[in-house]
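Residue numbers (the numbering used here): 105 to 205.
Input: a single structure, listed below in structure tokens.
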């Protein structure tokens, strides 16, 4: 097994319906997680965003990226799946692993 396969197993992040919310999530995640490298797969109908171990999306950053206020429940409506575990509050979403391989 290669190192890239191991990293893929330890990936976390959202899978979102393609559109303005997905585009804003990508932008916000890059701002909210400085120093993290993301793999972004645009599959026309959906966008998968992955990084290793843990990442956050803050509501404030997402609203700025979108150009309008957005609530985290509105993000959840666009969230079709995710890798890892998820923690949601009114102000952020956190994708994380309890264990790494």
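Quick reminder that beta carbons are idealized off the backbone N, C-alpha and C, glycines included.
- Here residue 152 has 119, 145 as same chain residues with Cβ atoms under 6 Å from its own Cβ, once five neighbours each way along the sequence are excluded.
- In the displayed model, residue 120 falls within a strand according to three-state DSSP.
- Residue 203 and residue 167 have their C-alpha atoms spaced approximately 31 Å apart.
- Within the stretch 110 to 174, the complete alpha helix (DSSP H) segments at least 4 residues long are 124 to 136, 163 to 170, listed from N- to C-terminus.
- In the DSSP annotation of this structure, the continuous segment of the beta strand (DSSP E) that includes residue 191 starts and ends at 189 to 192.
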